[in-house]
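See structure below.
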Amino acid sequence: MALLSKKDTSLILDPLADNNPITIQVLGICSALAITAELKASIVMALSVMFVLGMGNVVISLMRNIIPSKIRIIVQLVVVAALVIMVDQVLKAFAYELSKTLSVFVGLIITNCIIMGRFEAFALANGPWRSFLDGIGNSAGYGLILIIIGFFRELLGSGTLLGFKVLGDPIEKTGLYAIGYENNGFMLLSPMALIVVGLIIWVQRSRNKALIEEN
Amino acid sequence: MLEHVELFFKSIFIDNMVFATFLGMCSYLAVSKKVTTAVGLGAAVIFVLAVTVPLNWLLDQYLLRDGALAWLGPEYADYNLSFLSFILFIATIATMVQLVEIVVEKFSPALYNSLGIFLPLIAVNCAILGGSLFMQSRDIQTLGLAFNYGLSSGIGWFLAILAIAAIREKIRYSNVPAPLRGLGITFIITGLMAIGFMSFGGMLTGGDEAPNEVEQNTAQKKEKVGEDKIIKETKENTVSYNNAIINE
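Chains A and B, in that order, are what the protein sequence lines are. Mapping to our numbering: the first sequence position 199 is 199, numbers consecutive. Mapping to our numbering: the second sequence position 232 is 1232, numbers consecutive.
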């Protein structure tokens, strides 16, 4: 028996493209926009969400038969909050500078709609293994968009990737800067994140006409 | 008094929840198709923020922050429970939302009918938790200021969702490229609105004539908040740009 059946594979692959949590389901936008000025922060955020959503989905799925449906939101919030506190403490211990950059947005993973959305839509009705795969798939789709935005914003905004000066040194005039290239500081400001997401949606929907909305 | 006025306008326009920090984007995008529903959700957000931010301020001040337990006795003075703030804040918010729902249903059925369906949505709205977390990281000093902060951030959010809902109602009559329809154009319009709101940034620092001290103060205050790293970076960029010009 294969480790992943065909259905299981689609659980992971679907959210990467045609059922992407950010561009199609419109979940988890807040963090996607606020912390993507640097590629590194985007990657860390994507990994944190992957951890929280994967583990959270398993926990909720294991408890799905004993949670009374009336108080399930509070139960879900407590599970997420506990996982997020773990992430936050680990970040503060091993990557203090980065945790300053992410500031309150680590805490806001708690109210990231992807997490509650997947709990409600999937983990409450499916077994732990499939819920785990669903969690990984959705957070991978989320992470993919985050990394795309982070890549372009950092590259065009400060001319670096993960802190490396890939386009040359703006002060010593090497690389592209030698021929008069300038960084577009505007890309670092928050409104550009929205516009970059808008452009990603544009590209995605013109490639797959089935996703086009009525209005 | 002056600091109240300053905080009020700052939270509505300069640090607008939607345009400057992207909080509550999910419901902002999902519930902005019609003006009437947008008004309902906006009102509920104002209400819940104005209640939960002061409440969480009390929790932070007397339970969570470094040395906050000193009122229990000197032996508790060096406890720092701030790692628990996420779970306590979200618990407060979830309970308050539930409580508010029950109270409103009992005393004002008319209001309940218009707000009712939005109240459960609000527990998971990032704007609400974000309000409390920013209140904590910005070190708001008094209970009155915390209330003011909650109220005015709520008003800022209300303004944003009202504006986008009105624009989306109008845009139905425009010829938008097919792949951009719906979500895509909403993102881009929000981006343009955010650029517009950035121009309010000069309001409190007073533009060019203002004494440098004021700017420095705000800069110091802001440095605590992570998102302002971006602003710093752009400053560095302009500095390097200026250097480049000088070198030439």
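The C-beta atom is built at its ideal place from N, Cα and C for all residues, glycine as well.
Annotation: A:N126 is outside any alpha helix (DSSP H) and is labelled neither H nor E by DSSP. If you draw a straight line from the Cα of A:G54 to the Cα of A:L133, it is about 7 Å long.
Listed along chain B is no residue with a C-beta nearer than 9 Å to that of A:M63; the closest approach is about 17 Å. When C-alpha distances from B:A1038 are compared across B:G1184, B:W1157, B:V1100, the shortest belongs to B:W1157. Taking the beta carbon of A:I85 as reference, the chain B residues within 7 Å of it are F1083, F1086, I1087, listed in sequence order. Residue environment analysis places A:W202 among the buried positions, since at least 16 neighbouring C-beta atoms fall within 10 angstroms of its C-beta. In the three-state reduction of the DSSP assignment, A:L167 falls in the coil class, being assigned neither a helical nor a strand state. Taking a C-beta distance under 8 Å as the contact criterion, A:V196 and A:I109 do not qualify as a contact pair.
Residue pairing by DSSP puts A:L161 in a beta bridge opposite A:F164. Those residues of the stretch 125-147 of chain A placed with their C-beta closer than 9 Å to a C-beta in chain B do not exist. A distance below 8 Å between beta-carbons, with the five flanking residues on each side excluded, links B:L1162 to the following residues of its chain, in chain order: V1035, A1038, V1039, G1042. Taking C-beta atoms as the reference points, A:S61 and A:G127 count as a pair closer than 8 Å.
Going by beta carbons, A:A41 and A:T111 fall outside the 8 Å limit. Put simply, the CB of B:N1125 is near chain A, with a gap under 8 Å to one of its CB atoms.
Between the beta-carbon of B:S1174 and that of B:I1012 there is about 29 Å, and that puts the pair past the 8 Å contact cut. Taken in chain order, the unbroken stretches of alpha helix (DSSP H) that lie wholly in the stretch 1044-1129 of chain B and span 4 residues or more are 1085-1107, 1109-1115, 1118-1122. Look at A:T111: its C-beta is under 8 Å from a C-beta on chain B. Identification of chain A residues near B:F1187 by a Cβ-Cβ cut-off of 8 Å yields L194, I195, V197, G198, I201, ordered along the chain. At least one beta carbon of chain B lies nearer than 8 Å to the beta carbon of A:V78. Not flagged as an interface residue toward chain B: A:A95, since no C-beta distance is shorter than 8 Å. Between A:G150 and chain B, the shortest Cβ-Cβ separation is not below 8 Å. By the Cβ rule, the stretch 135-151 of chain A counts as touching the stretch 18-35 of chain A, because three or more pairs are nearer than 8 Å. Under the DSSP assignment, B:F1158 falls in the alpha helix (DSSP H) whose first and last residues are 1143-1171. Under the three-state reduction of DSSP output, A:K209 falls in the helix class.
For B:A1050, the CB contacts under 7 Å within the same chain, skipping 5 residues up- and downstream, are F1147, G1150, L1151, G1154 in chain order. Cβ neighbours of A:M192 within its own chain (closer than 7 Å, five residues either side excluded): R153, F186. Taking C-beta atoms as the reference points, B:V1124 and B:V1048 fail to come closer than 8 Å. Contact annotation for B:L1180 against chain A: G198, I201, W202, R205 [CB-CB distance below 8 Å, chain order].
Distance between A:Y181 and B:F1086, taken at the CA atoms: about 44 Å.
Rounded to the nearest angstrom, the Cβ distance from B:Y1079 to B:L1069 is 5 Å, consistent with a contact under 8 Å. Taking 7 Å as the upper bound on Cβ-Cβ separation, chain A lies near residues L1133, F1134, S1137 of the stretch 1132-1145 of chain B.
Contact holds between the stretch 1054-1072 of chain B and the stretch 1088-1097 of chain B, because three or more Cβ pairs, one in each stretch, are under 8 Å apart.
Rounded to whole angstroms, the separation of the alpha carbons of A:G56 and A:I67 is 14 Å.
Within 8 Å of the CB of A:M116, the CB atoms of chain B belong to V1124, in sequence order along the chain.
The three-state reading of DSSP puts A:Q25 in coil, since its state is none of H, G, I, E or B. Of the candidates B:L1084, B:G1067, B:F1083, B:T1190, B:G1067 places its Cα closest to the Cα of B:Y1076.
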